[in-house]
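Colleague: Shown below is the structure under consideration.
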DNA sequence: CTTGAATTGATTGATTGCAATTTAATTTTA
DNA sequence: TAAAATTAAATTGCAATCAATCAATTCAAG
């Protein structure tokens, strides 16, 4: 054990986290292609399917993304007629994002995706739950910063 | 519980994985800035500090990255005089990447980084180990694809 | 009221990440 | 051996991601 062992790739937690995240996103690709969505666009739609109407700030807080990522992505979803973007009348700084009928209809096509991805992970339900809990704990620390 | 509950953001494993990965990368930013490295460049250096000499294919297999990502990144590290890029003499298709003296010296400046990041995650050692094991299991499934 | 601070999104620039294609070199096979 | 298949890396094009900055709006203190 020399002093440099702490720098070995296999001793870092960050690396499997980073790699696993990217690999899971690849699981989604063939499932999302028929819907015409990228992974990040899918996450935005997931949120909007639940809430229907949200502003950019709330969307960013929910997904840990900032306007630099969201602005072009939302414009793209708007150009696909899945959402509308309108300024709030009470506060002109706020941009309200809302699903269209077409956007909401897309939800039905996504229903089978979670189960298919879950099967690909190779984790049992218990393992998924443990992983889930640990990740949210980590995210809690990140938010606390 | 309606049929759409499976599409709730908080019922997806992919989301905390994706968000936690990005948040951890942000932990590294202030620690890597003094070294002049980005997170991905740091991962490449971690691998090369261990092996010193590798080709692009091996590097890609290790980090789950392809030449589209690695080629420009390695050119950047070369321009910073941290590595050299040379074609193999036995097989001209193969590009050998190797650390320079300057590249190896940078290692000493990175020694404290893992401990500092680990502290920021807010996870106990046991939790880190569980998380680590689950992520590698997931990565195993991905590799098996 | 008015000035200064805070907030919200948009923009810009650099880096990643990846799929798809291309080029060059090597290996296999007919 | 010649043609076909394979392999390694580079290139291209598009979409993220994020830091930093900017502009417009709102809010708050004096």
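Chains as they are written, first to last, in the working numbering: chain B, 21 to 165; chain L, 21 to 165. Where is the CB? At the ideal position from N, CA and C, for every residue including glycine.
From the DSSP output, which residues share a beta bridge with residue 118 of chain L?
Modeller: The partner list for residue 118 of chain L (beta bridge, DSSP) reads L:73 and L:104.
Colleague: Among L:143, L:130, L:145 and L:121, which one has its Cα closest to the Cα of residue 25 of chain B?
Modeller: Nearest option by C-alpha distance: L:130.
Colleague: Under the three-state reduction of DSSP, which class applies to residue 84 of chain L: helix, strand or coil?
Modeller: Coil at residue 84 of chain L, not helix or strand.
Colleague: Given a threshold of 16 other Cβ atoms within 10 Å of its Cβ, counted over all protein chains shown, does residue 50 of chain B qualify as buried or as exposed?
Modeller: Answer is exposed; the Cβ neighbour count stays below 16.
Colleague: Count the other C-beta atoms from every protein chain shown that fall within 10 angstroms of the C-beta of residue 43 of chain B, then say buried if there are 16 or more, exposed otherwise.
Modeller: Buried, because 16 or more other Cβ atoms sit within 10 Å of the Cβ of residue 43 of chain B.
Colleague: Considering Cα atoms alone, identify which of L:121, L:134 and L:69 is closest to residue 52 of chain L.
Modeller: It is L:134.
Colleague: Under 8 Å by Cβ, that's how I've got residue 161 of chain L and residue 150 of chain B pegged, so tell me the actual separation to the nearest angstrom.
Modeller: At roughly 16 Å, the Cβ-Cβ gap does not stay under 8 Å, so residue 161 of chain L and residue 150 of chain B are not in contact.
Colleague: Look at the alpha carbon of residue 120 of chain B and the alpha carbon of residue 137 of chain B, and state the distance between them as a whole number of angstroms.
Modeller: Residue 120 of chain B and residue 137 of chain B: Cα-Cα distance of roughly 26 Å.
Colleague: Is the region 29–48 of chain L touching the region 84–91 of chain L, taking contact as three or more C-beta pairs under 8 Å?
Modeller: Contact fails: fewer than three Cβ-Cβ distances are below 8 Å.
Colleague: Go ahead and pull the three-state DSSP assignment for residue 58 of chain L.
Modeller: DSSP places residue 58 of chain L in coil when its eight states are reduced to three.
Colleague: With H, G and I counted as helix, E and B as strand and the rest as coil, what does DSSP make of residue 28 of chain L?
Modeller: The answer is coil: DSSP assigns residue 28 of chain L none of H, G, I, E or B.
Colleague: Taking CB distances under 9 Å as the criterion, tell me whether residue 42 of chain L reaches chain B.
Modeller: Closer than 9 Å: yes.
Colleague: Hey, is the region 100–117 of chain L in contact with the region 137–146 of chain L, meaning 3+ C-beta pairs nearer than 8 Å?
Modeller: The region 100–117 of chain L vs the region 137–146 of chain L: no contact.
Colleague: Would residue 115 of chain B and residue 108 of chain B qualify as a contact pair, given that the criterion is a beta-carbon distance under 9 Å?
Modeller: Contact: yes.
Colleague: Under 9 Å, Cβ to Cβ, is there at least one residue of chain L near residue 31 of chain B?
Modeller: So yes, residue 31 of chain B belongs to the interface.
Colleague: Taking the continuous alpha helix (DSSP H) assigned at residue 144 of chain B, which residues delimit it?
Modeller: Residue 144 of chain B -> no alpha helix (DSSP H), and no H or E assigned at all.
Colleague: Distance check for residue 79 of chain B and residue 66 of chain L, CA to CA, integer angstroms please.
Modeller: So the alpha carbons of these two residues sit roughly 35 Å apart.
Colleague: Would you call the CB atoms of residue 73 of chain B and residue 112 of chain B closer than 9 Å?
Modeller: Taking 9 Å as the Cβ cut-off, residue 73 of chain B and residue 112 of chain B do not qualify as a contacting pair.
Colleague: With a threshold of 6 Å on Cβ separation, who are the neighbours of residue 48 of chain L within its own chain once the five nearest residues in sequence on each side are excluded?
Modeller: For residue 48 of chain L, where only same-chain residues beyond five positions count, the Cβ hits under 6 Å are 59.
Colleague: Please report the straight-line C-alpha distance between residue 105 of chain L and residue 76 of chain L, rounded to a whole angstrom.
Modeller: One C-alpha to the other measures close to 10 Å.
Colleague: Does the distance from the C-beta atom of residue 55 of chain L to that of residue 38 of chain B stay below 9 Å?
Modeller: In this structure, residue 38 of chain B does not lie closer than 9 Å to residue 55 of chain L by Cβ.
Colleague: For residue 128 of chain L, does the three-state DSSP call read helix, strand or coil?
Modeller: Reduced to three states, the DSSP call for residue 128 of chain L is helix.
Colleague: DSSP on residue 110 of chain B, reduced to helix/strand/coil?
Modeller: It is coil, neither helix nor strand.
Colleague: Tell me which residue opens and which closes the alpha helix (DSSP H) that residue 43 of chain L is part of.
Modeller: Its alpha helix (DSSP H) spans residues 34–52.
Colleague: Considering Cα atoms alone, identify which of B:22, B:152, B:61 and B:110 is closest to residue 95 of chain B.
Modeller: Of the candidates B:22, B:152, B:61 and B:110, the one whose C-alpha sits nearest the C-alpha of residue 95 of chain B is B:61.
Colleague: Using only the heavy atoms of the ligand SAH, determine whether one of them is closer than 8 Å to the beta carbon of residue 66 of chain L.
Modeller: With respect to the ligand SAH, the structure shown offers nothing to examine, as it has no ligands at all.
Colleague: Exposed or buried, what is residue 40 of chain L when buried is set at 16 or more other beta-carbons lying within 10 Å of its beta-carbon?
Modeller: Per the 10 Å Cβ criterion, buried.
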